[in-house]
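Here the structure is laid out as structure tokens; the discussion comes afterwards.
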DNA sequence: TTTATACTTGCGCAAATGTTCAAGTGAGAG
DNA sequence: CTCTCACTTGAACATTTGCGCAAGTATAAA
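Protein chains in written order, with our numbering: chain A, 206 to 324; chain X, 206 to 324.
Here it is in structure tokens:
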């Protein structure tokens, strides 16, 4: 299948590479996964997420206090997280309340905490 | 404790914000966590990680084949992942073999896969 | 209606990120 | 020794990112 066409390298173990190609998920799915991880890779966004884990529902004001950047920045990131399906919002009068959209996130955080604490 | 000094906002629920501040992890730990998530947030790095999950050990050549960017790019990202403690390497002659450093990563991937597939 | 408040959004900028190119390292073959 | 191969590294570059500013929307109060 022309492995060498990708680069000039010759020492490839074709069997291994073949196995990986067959077993690994599709490019598009990996892409979505990477994009999802990006949600957690920024300090502001991660603070927002962790705050919403402690307190189920917070308005943009409260989040601004907790995170410590401008309300504009928080709002930008909230849109990002909303588009990604990590948070949802509920309007009530002038206020907008945000909360986490699902519970897998606690698991995620837990797993990573374990990784960080070991070694 | 002067919440209003952070920004001009007035509609803050001080009790909620206080609770979050007390319960949330320390800034430094959040920072490390964000940095860790960054490992998984890039397509090249994620492909490397997923490839090493399928095939326990791969040389830089093989990884280059799988990922589809230059060997230089792969090498840069491998250093990044090594510094972060996600992968380790083993030299044997001219070849360098990389593998995942710990098993929590499978859990992580599994949790995220679940999240992505639902809704 | 006018004013204030809670939040959103477009724009521009500075900083961070990922890639390639080209040079460099180190091990093995000839 | 020289040459090749597998890999690493530093620099330059383009792209992406996250932020604040300033203007805008929507709701509520006066």
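Ideal Cβ positions, reconstructed from N, Cα and C, are used throughout, including at glycine.
On a predicted model such as this, the values are computed, not experimentally measured, just so you know.
Membership of residue 217 of chain A in any alpha helix (DSSP H) is not indicated, and neither H nor E is assigned to it by DSSP. Residue 261 of chain A sits in coil when the DSSP states are folded into three classes, being neither helix nor strand. A straight-line Cα-Cα distance of about 12 angstroms links residue 291 of chain X and residue 311 of chain X. Using a C-beta cut-off of 8 angstroms, the stretch 246 to 255 of chain A makes no contact with the stretch 262 to 277 of chain X, since fewer than three inter-stretch Cβ pairs fall below that distance. The distance from the Cβ of residue 241 of chain X to that of residue 314 of chain A is about 11 angstroms, inconsistent with a contact at the 8 angstroms cut-off. At a Cβ-Cβ threshold of 8 angstroms, residue 286 of chain A and residue 279 of chain A do not count as neighbours.
The beta-carbon of residue 235 of chain A is placed less than 8 angstroms from the nearest beta-carbon of chain X. In the three-state reduction of the DSSP assignment, residue 289 of chain X falls in the coil class, being assigned neither a helical nor a strand state. Using a Cβ-Cβ cut-off of 8 angstroms, residue 293 of chain A does not count as an interface residue toward chain X, since no Cβ of chain X sits closer than that to its own.
Chain-ordered, the chain A residues with CB closer than 9 angstroms to the CB of residue 224 of chain X read 259 and 260. For residue 304 of chain A, the secondary structure class from DSSP, reduced to helix, strand or coil, is strand. Secondary structure at residue 252 of chain A: helix, using DSSP grouped into helix, strand and coil.
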